Amino acid sequence: MRQKPIIEFIDYSFQYFSQAEPTLEDINLKIYPGEKILIVGPSGSGKSTLGHCINGLIPFAYEGEIKGTLKIKDLIAKEQDIFLLSKIVGTVLQDSDGQFVGLTVGEDIAFALENDNVNIHKMHDTVRKVAEMVDMDKLLKSSPFELSGGQKQRTSLAGVMVDDVDVLLFDEPLANLDPATGKTAIEIIDDIHKRTNKTVLIIEHRLEDVLHRDVDRIIVIADGRIIADMTPDELVSSSILFENGIREPLYITALKYAGINVHKDMHPSHLDTLKMDTVIQPLTSWYKRIEKPQKQDEKPNILKVENLTFSYDGKRNILDDVTFDIYEGDMISIVGKNGAGKSTLAKVLCGFENQDLGNIYYYSENIKDKSIKERAEIIGLVMQNPNQMISKSLIYDEIALGLRLRNVPEEEIKERVEKVLEVCGLSPFIDWPISALSYGQKKRVTIASILVLEPKIIILDEPTAGQDYHHYTEIMKFLEKINKMGVTIIMITHDMHLMLEYTPRAIVLLDGKVIADTKASIVLTDTDLVSKANLKETSLYYLAEKAKIEDGTLFVQRFIDYEKGVRETNED
Amino acid sequence: MKIKLFSYNVIDTPIHRLSGLTKLACFLLLTFAVMFSYDIRFILFVMLFSFIILKVSKIKFSQIKLMIIYVLIFLITNAILTFLFEPEYGVSIYGTRHEVLRIFGRYNLTQEQLLYQTTKVLKYASVIPLGIIFLLTTNPSEFAASLNGVGIPYKVAYAVSLTLRYFPDIQRDYQNISQAQQARGLEMSKKAKFGSRFKNALLIIIPLIFSTLDRIESISNAMDLRGFGKLKKRTWYSKKKIETGDYVAIGLSVLIFAMSILISIFINGSRFFNPFI
């Protein structure tokens, strides 16, 4: 009945030479031509390794022991070289900056053709044609610095399509993209799939975002094994996602909170297909039952930013008349598309750059003349990539660094470092080398190295980028904990879930201006704001709309309040 | 804020249109010509020529201000040091002695020394603009293509262009890391002692190395996956064809090079132009 599979794993296992345990075990999987398949799994589950096996990076770039068979287009994969496999499987890697090899869009698209020694006229022709397919033909001469995240991804896609591959493999295509761009990326992938009927594999842990467009099957990997291979409808109605630390779509969570038994016949994998007849009544009554939380007391103003204006070149203002207040104990997010000025704002607050106009007050003190070092004792900055902060090999030394540079006596350092380690749950690792830690633990080390200076405010740049749901929850719970201890937290983020669940208030930047400073529930339900700032409306809002609940924003707010209650009960 | 060291700027001038290889050949020919000759008349001529080319390639002063300042500092120190160590060098070259100013001891300013040192300064002043033109008007990829075109292995040629491609990214990383480390209390200004400044620099360099290694891993994976290194040869998207302009440029440079040699042999009888006899 069916064609032969294009990719077939038979009793396949793989173990990196550097690892004690196999990363993939007993994999049996058939993928047929033209299928669109999503591979999900928590970090470290082996899903990226599976991708590497398919595109040939294993065993070409990463060596290890292979057991069993992997056939790609009837060829035994391990007997082929990576170049041959790359003509069958085209891979779009997760970091669109890292894989931009050329100096211009045209050159980058041409890269594979250049390596094939294709005649220069033919090459220019093909590049133009493929660029048209992904809408980049007007930008062939642009350099990567001039492109947005989405345009870089289109370029990468074109770069693998020049080869007319049979399989397109996307390795975490949504990482580093803002919500709206991520949505477009999923649409482009779907378009290409429909138009070319190539086999599409997407490796990603952001399930709800990928399900924006339909997929045929979802494969769940945990601890190196395939634990589920089913349709989206079946998967979201099961408990597999929850049990394996993968986030289910938010509207599904809402249905479950409302006590609705989600099953596959309701077609719950998309909101559009979700059958509402059994949903409306329980959902509405649940929503009406949720109590409003008590009003918080007024808190003193810890940071006042007034008319902040900043420009790198004296021509274009990166920050333009930015004004807002932060109150003691706040936990807020700053959102906006790439280049909106979020990171620059953090740099100016920390004194890395000096504002051209405007003032920053800490309580009522103007901190204009404070040096970077002095400001660090008020406002600490945690960078996105922990590897960019860690410079010592032992955890203790790394955290003590800031104090040692301040000539704090060694006994006091010991006391403060131990206290911070305790707070961060790193005490058991005190003598460990940093290289032995996981990414999430490294992130904690960098947060600890800032906390030890006892700043009143911490700014975190994308604290959860690239983290699966489990690590995301871990980091966010930790941040909530230090927030409750009195540290004011400002997060720069693209993550709409984070904003919705953990920060009651959000500041939205657009072209260096504050265009909104309000409740997260309002930001994520305001269509106009959402499209201006490249955000994405939360699916909860559409669920409310479908259930004919009049005030969608209030529904979202109630969901947040309820969820917070659930979290607090779980902690007790 | 962006310190663009090798910022190739994309504009269309006759100089930009030349192939990278032509520019490299011309640059080398003219440099040899100037370095060979100590005839101030000839050097002034080449200097004028290189300033004209600078004008033609539409390089703005603001782009090269920083470079010019460094060069001036170098030239001035060089001139002073030459005089301090070899105040009589001019006399020994030209064989005559016309004193202009008595300073003290063996430090007497002579016309011969003045001519020798001026000639030397002008040599640099005529070669440096040519170097600047070469750097700022050559597309790194196209240059890599030309290098490969004259027989340099393409992997080596590509490494050159890749370095230029990722230079700004690594520079940005450096800046971010340095700022974050300063916030933790790192003193990078002149206030710190030399020894501790060296130690502090390590605190920036270590994270920079690690994040650069991450970057290298993903680039090399991306290149492998797209077939880099598969065949013995590769073609280049940005390769330029050799056109009339290239022949003209090479012709001119060869001419100037020949002039330098011929003037030395037939007019001056040596590399030096001697007006004192």
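From first to last, the protein sequence lines are chains E and X.
Taking the working numbering, the leading residue of the first sequence gets 39, the next gets one more, and so forth.
Taking the working numbering, the leading residue of the second sequence gets -12, the next gets one more, and so forth.
Glycine included, C-beta positions come from ideal geometry on N, C-alpha and C.
No experiment lies behind these values; they were computed from the predicted model shown.
Could I get the ranges of all uninterrupted alpha helix (DSSP H) runs contained in the stretch 215 to 283 of chain E, with 4 residues as the minimum, in chain order?
Listed in chain order, they are 217 to 234, 245 to 248, 270 to 275 and 278 to 281.
Pairing CB atoms from the stretch 191 to 198 of chain E with CB atoms from the stretch 114 to 123 of chain E, are three or more of them under 8 angstroms?
no
Against chain E, does residue 221 of chain X count as a neighbour if the rule is that its beta carbon must be under 9 angstroms from one of theirs?
True, the Cβ-Cβ gap to chain E drops below 9 angstroms.
What residues in its chain sit with their C-beta under 6 angstroms from that of residue 179 of chain E, if we drop five residues either side in the sequence?
142
How far does the alpha helix (DSSP H) with residue 294 of chain E in it reach, from first residue to last?
Start and end: 288 to 295.
For residue 338 of chain E, I'd like the list of residues in its chain whose CB is within less than 6 angstroms of its CB, leaving aside the five on either flank, ordered along the chain.
366
Got a sec: is the Cβ-Cβ distance from residue 206 of chain X to anything in chain E below 9 angstroms?
Answer yes: the Cβ-Cβ gap between residue 206 of chain X and chain E drops below 9 angstroms somewhere.
Inter-residue Cα distance where the pair is residue 55 of chain X and residue 528 of chain E:
Distance between the alpha carbons of residue 55 of chain X and residue 528 of chain E: 44 angstroms.
Against chain X, which members of the stretch 148 to 162 of chain E pass a CB distance test of less than 9 angstroms?
148, 149, 150, 151, 152, 153, 154, 155, 156, 157, 158, 161 and 162
My parser needs the alpha helix (DSSP H) runs of 4 or more residues fully inside the stretch 114 to 150 of chain X; what are they?
127 to 136
Local Cβ density within 10 Å of residue 437 of chain E, reported as buried at 16 or more and exposed below that:
Counting Cβ neighbours within 10 Å, residue 437 of chain E comes out buried, since at least 16 surround it.
Pull out every residue of the stretch 210 to 238 of chain X whose Cβ sits closer than 8 angstroms to any Cβ of chain E, in chain order.
210, 211, 212, 213, 214, 215, 216, 217, 218, 220, 221, 222, 223, 224, 225 and 226
Hey, how far is the Cα of residue 245 of chain X from the Cα of residue 392 of chain E?
55 angstroms
Short Cβ contact (9 angstroms threshold) for residue 109 of chain X with residue 40 of chain X
no
Measure the C-alpha to C-alpha separation of residue 440 of chain E and residue 59 of chain X and round it to an integer number of angstroms.
40 angstroms
Reduced DSSP secondary structure (H/G/I, E/B, other) of residue 205 of chain E:
strand
Give the straight-line distance between the Cα atoms of residue 126 of chain X and residue 114 of chain X, rounded to the nearest whole angstrom.
21 angstroms
Say whether the stretch 291 to 311 of chain E touches the stretch 226 to 239 of chain E, bearing in mind that this needs 3 or more beta-carbon pairs closer than 8 angstroms, one atom from each stretch.
no
Based on the DSSP secondary-structure assignment, which residues constitute the bridge partners of residue 371 of chain E?
E/529 and E/544
Could you pull the start and end residues of the alpha helix (DSSP H) that residue 516 of chain E belongs to?
507 to 522
Rounded to the nearest angstrom, what separates residue 39 of chain E and residue 153 of chain X at their Cα positions?
Below a pLDDT of 50, predicted positions are generally treated as unreliable, and residue 39 of chain E, at 47, falls in that range; no measurement from the model is reported.
Inter-residue spacing [alpha-carbon to alpha-carbon] between residue 571 of chain E and residue 140 of chain E
30 angstroms
Mapping the DSSP letters down to three states, classify residue 349 of chain E as helix, strand or coil.
strand
Closest to residue 403 of chain E by CA distance: which of E/356, E/308, E/344 and E/352 is it?
E/344
Neighbouring residues, chain E, relative to residue 193 of chain X (Cβ below 7 angstroms)
Chain E residues near residue 193 of chain X: 429.
Buried or exposed (CB count within 10 angstroms, at least 16 for buried), residue 71 of chain X
Under a 10 Å Cβ-count criterion, residue 71 of chain X is classified as exposed, with fewer than 16 other Cβ atoms of the shown protein chains found around its own Cβ.
With a Cβ-Cβ cutoff of 9 angstroms, do residue 247 of chain E and residue 258 of chain E count as a contact?
In this structure, residue 258 of chain E does not lie closer than 9 angstroms to residue 247 of chain E by Cβ.
Assign residue 412 of chain E to one of two classes, buried (16 or more other C-beta atoms within 10 Å of its C-beta) or exposed (fewer than that).
exposed
Could you name the residues of chain E that residue 127 of chain X contacts, counting a contact when the two beta carbons are closer than 8 angstroms?
141
Taking 9 angstroms as the CB-CB limit, is residue 4 of chain X close to chain C?
Absent here is chain C; the protein component of the structure consists of chains E and X.
Distance CB(residue 176 of chain E)-CB(residue 182 of chain E) smaller than 9 angstroms:
no
By Cβ distance below 6 angstroms, which residues in the same chain neighbour residue 396 of chain E in space, the five residues on each side in sequence not counted?
344, 345, 346 and 347
Taking only beta-carbon atoms, is residue 172 of chain X less than 9 angstroms away from chain E?
With 9 angstroms as the cut-off, residue 172 of chain X counts as an interface residue toward chain E.
Report the neighbours of residue 152 of chain X on chain E: residues whose CB is nearer than 8 angstroms to its CB, in chain order.
139, 140 and 141
Could you tell me the boundaries of the beta strand (DSSP E) in which residue 554 of chain E lies?
Here the beta strand (DSSP E) through residue 554 of chain E covers 551 to 557.
Can residue 171 of chain X and residue 443 of chain E be called in contact, C-beta distance under 9 angstroms?
Against a cut-off of 9 angstroms, the Cβ pair of residue 443 of chain E and residue 171 of chain X comes out as a contact.
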